[in-house]
């Protein structure tokens, strides 16, 4: 089974999928991200800017958005038959438009089962005040 492909006869291991997503983002693994993200992805940044899957992957591919490190804490998971939600606090080192920044955000990440594969359909993050 390829990464991101989940045997739907077993409960989804959302923690493992979230870890895989973070690794793919910090290594700019576009093939993995393409597999993990739904074509219907709505990615809402802590700045309130919104990207589609196509636009987010293009930003990562071009280097416009670089995720240098990601560390999650206070993680919580809710899983049902065809949908799952991961939430927590993420601390990230990023390079956006060539400028390095440290970000700390509370996030909600929604996964849907599309056929036999779980994919991210929506991400929403809100900056945590310093």
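Residue numbers (the numbering used here): 320 to 449.
Ideal Cβ positions, reconstructed from N, Cα and C, are used throughout, including at glycine.
Bridge-paired residues (DSSP) for residue i
i	result
residue 389	411
residue 427	406, 443
residue 432	437
residue 395	406
residue 452	Nothing can be reported for residue 452, as the shown portion of the chain is limited to 320 through 449.
residue 374	BP columns for residue 374 are empty, so no partner.
residue 419	414
Cβ-based neighbour list, residue i, same chain, cut-off 8 Å, excluding 5 preceding and 5 following
i	result
residue 369	361, 362, 363
residue 357	372, 431, 433, 438, 439, 440
residue 385	347, 379, 413, 414, 415
Neighbourhood of residue i by C-beta, 7 Å cutoff - its chain only, sequence neighbours within 5 removed
i	result
residue 416	383
residue 331	325, 398, 403, 437
Contact check, residue i vs residue j, beta carbons under 8 Å
i	j	result
residue 408	residue 423	yes
residue 405	residue 396	yes
residue 278	residue 387	This structure cannot settle anything about residue 278, because the visible part of the chain is limited to 320 through 449.
residue 343	residue 355	yes
residue 351	residue 339	yes
residue 444	residue 425	yes
residue 449	residue 365	no
residue 427	residue 389	no
Residue i: first and last residue of the uninterrupted beta strand (DSSP E) it sits in
i	result
residue 370	369-371
Boundaries of the alpha helix (DSSP H) in which residue i is found, first to last residue
i	result
residue 353	349-355
residue 339	333-345
Own chain partners of residue i with C-beta closer than 6 Å, once the 5 adjacent residues on each side are dropped
i	result
residue 337	405
residue 391	407, 409
residue 393	407, 408
residue 442	362, 428
residue 341	389
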